[in-house]
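Taking my numbering, the leading residue of the sequence shown gets 1, the next gets one more, and so forth.
Backbone N, C-alpha and C fix where the C-beta goes; we use that ideal spot for every residue, glycine too.
Computed from a predicted model, the values in this text were never measured in an experiment.
Some notes on the structure that comes next.
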Amino acid sequence: MITTTVLFALSVPFFLWNYRKTPDPRFHLGCLRNRNVALSLTILLVFNMVSTGLFQVEFLGKDPEMTADIFGPRTAIGAATLLGGFALADYLCREDRLMLCFMGGIAFSLIAKSGFILYDSHTAAFQAIWPVAVGGVGFGLMAGLLATTAYRTVDEHHAAHVATAFILATYLGASLGAGVLEEIMVLFDTLLLSQSVSEHFPEHRRLQE
């Protein structure tokens, strides 16, 4: 997390310096001035922070020991439901039912995360697969809605720049989410270790007091 923060802090000033010196930059920051684009990117960034595989398995549930006969269908079904979520988002957006699409994405994602809580070292095939399938629908609904909302209000000149920003928000959100989660897990491990030492070694607790 510290390394990521340092690299990010160093790269942003360099990017801005290079951006000002380039007459026709590959990525134009003007697209971020659009309120719908900025809001969509912010939501996507936060959504990806809590949607990484590390968050799902390590934080919401225990790391399951999945064999190939479970992992293969799990991945394929997750990809299929993701496409289904995108298709459903496209339909709802064309019907101008944006709030239903947004609430549906949130609901499916929360249901999926409740399923990850049930993960353990002996998770059965169905229990391992259904949270990923439901989560795929939720992510497809949310990402499809955000992309549609952003692209509706930009011209063709900025379309490629918005696409670049969406890719950056996706990867940056996942990286930040994994980094924050790692720090949280280290904190929890430290607290649990300190509590265990205090319970089993009373003299250590007296020294701390």
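For residue i, which of helix, strand or coil comes out of DSSP?
i, result
"glutamate 95", "coil"
"leucine 118", "coil"
"proline 23", "coil"
"threonine 67", "coil"
"alanine 124", "coil"
"alanine 155", "For clarity, residue 155 is aspartate in the given sequence; the question names alanine instead. DSSP places aspartate 155 in coil when its eight states are reduced to three."
With distances taken from CA atoms, which of the options is nearest residue i?
i, options, result
"histidine 161", "Leu10, Leu29, Cys93", "Leu29"
"aspartate 155", "Arg33, Pro13, Val12, Ala112", "Arg33"
"phenylalanine 126", "Leu10, Val12, Arg74, Leu44", "Arg74"
"threonine 123", "Phe71, Phe47, Ser40, Ile43", "Phe71"
"aspartate 90", "Leu10, Ala143, Ala38", "Ala143"
"valine 137", "Ala80, Asn48, Arg97", "Ala80"
"leucine 44", "Ser194, Gly177, Leu187", "Gly177"
"alanine 165", "Lys21, Pro13, Asn36", "Asn36"
"threonine 42", "Gly179, Leu168, Val180, Ser194", "Leu168"
"arginine 214", "Asp69, Leu141, Leu10", "A query on residue 214 cannot be resolved here, the shown segment of the chain reaching from 1 to 209 and no further."
"phenylalanine 86", "Gly135, Leu187, Thr67", "Gly135"
"valine 50", "Tyr171, Ser11, Met99", "Tyr171"
"cysteine 93", "Thr190, Arg152, Thr22", "Arg152"
What residue range is occupied by the uninterrupted alpha helix (DSSP H) comprising residue i?
i, result
"asparagine 36", "35-49"
Might you give, ordered along the chain, the residues of its own chain that have their beta carbon closer than 6 Å to the beta carbon of residue i, omitting 5 neighbours on each side?
i, result
"serine 40", "Leu146, Thr149, Ala150"
"alanine 107", "none"
Near residue i, which residues of its chain fall below 7 Å by C-beta distance, leaving aside the five closest residues on each side in sequence?
i, result
"glycine 84", "Val137, Gly140"
"cysteine 31", "Val37, Val154, His158, His161, Val162, Ala165"
"leucine 191", "none"
For the 8 Å Cβ check, are there 3 or more pairs between the stretch 106-115 and the stretch 124-132? Using a C-beta cut-off of 8 Å, the stretch 106-115 makes contact with the stretch 124-132, since at least three inter-stretch Cβ pairs fall below that distance.
Touch check for the stretch 161-170 and the stretch 99-111: three-plus C-beta pairs under 8 Å? The answer is no - the stretch 99-111 does not touch the stretch 161-170, with fewer than three Cβ pairs under 8 Å.
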